[in-house]
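Please read the structure below before turning to the comments.
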Amino acid sequence: MILTLALNYGAQEEITNAVKAIADKVKNNIISPEKVDQSTINEHLYSRFLPPVDLLIRTSGEERISNFLLWHIAYAELYFTKTLWPDFSKKNLLEALINFNKRERRFGKTSEQLTN
């Protein structure tokens, strides 16, 4: 399990800086526009060394993602809890993991597409 805490981090800024870096490389003929794909963008992110997120746990009762790892959570399962972060315990984590294990991971597909 990898726990990621992001302090003074914003995903929109991260993605914007990645796009600017790629645009600069295109402008300087280091890379052609046709070669820009998802992996190119990922390689230019601050968080490029992080794996895709499987489960995003949002504490405090807020039901939003708050500009957090927007690129990495495309297919993440989201779990919302009213428990505040300082009070989040092993028991709370276990509840989130049990909930996660009951879910059908579809990665952008429908249940029907997975069975065909």
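This note's numbering applies: residue 728 is where the sequence shown begins, and numbers increase by one. Positions of the beta carbon are idealized from the N, C-alpha and C atoms, including for glycine.
Quick one: give me the first and last residue of the beta strand (DSSP E) that Glu804 is part of. What you label residue 804 is simply residue 77 of the sequence shown in a count that begins at 1. It spans 804-807 - the beta strand (DSSP E) in which Glu804 sits, taken as one unbroken run.
Under 8 angstroms: do the region 790-806 and the region 748-759 share three or more Cβ pairs, one atom per stretch? no
Using the Cα positions of Arg785 and Glu761, report the straight-line distance between them to the nearest angstrom. By 1-based counting over the sequence shown, the position of residue 785 is 58. By 1-based counting over the sequence shown, the position of residue 761 is 34. Rounded to whole angstroms, Arg785 to Glu761 spans 37 angstroms at the Cα level.
Does Thr837 pass the burial test, meaning 16 or more other C-beta atoms within 10 Å, or should it be called exposed? On the sequence shown, residue 837 is found 110 positions in, with the first residue counted as 1. Burial call: exposed.
In angstroms, rounded to a whole number, what distance separates the CA positions of Glu740 and Lys809? Reading the sequence shown from its first residue, position 13 is the one you call residue 740. Reading the sequence shown from its first residue, position 82 is the one you call residue 809. Approximately 28 angstroms between the Cα atoms of the pair.
Alpha carbon to alpha carbon, how far is Glu770 from Ile800? Counted from its first residue, the sequence shown places residue 770 at position 43. Counted from its first residue, the sequence shown places residue 800 at position 73. Each residue's Cα considered, the two are about 16 angstroms apart.
Residues near Phe807 by beta carbon distance below 6 angstroms, same chain, minus five either side: Within the sequence shown, numbered from 1, the residue matching residue 807 stands at position 80. So the qualifying residues of the chain are Arg785, Glu790.
For Leu820, does the three-state DSSP call read helix, strand or coil? In the sequence shown, the residue the question calls residue 820 occupies position 93. Here Leu820 sits in helix by DSSP.
CA-CA distance, Asn744 and Tyr736? If you number the sequence shown from 1, residue 744 lands on position 17. If you number the sequence shown from 1, residue 736 lands on position 9. Distance from the CA of Asn744 to the CA of Tyr736, rounded to the nearest whole angstrom, comes to 13 angstroms.
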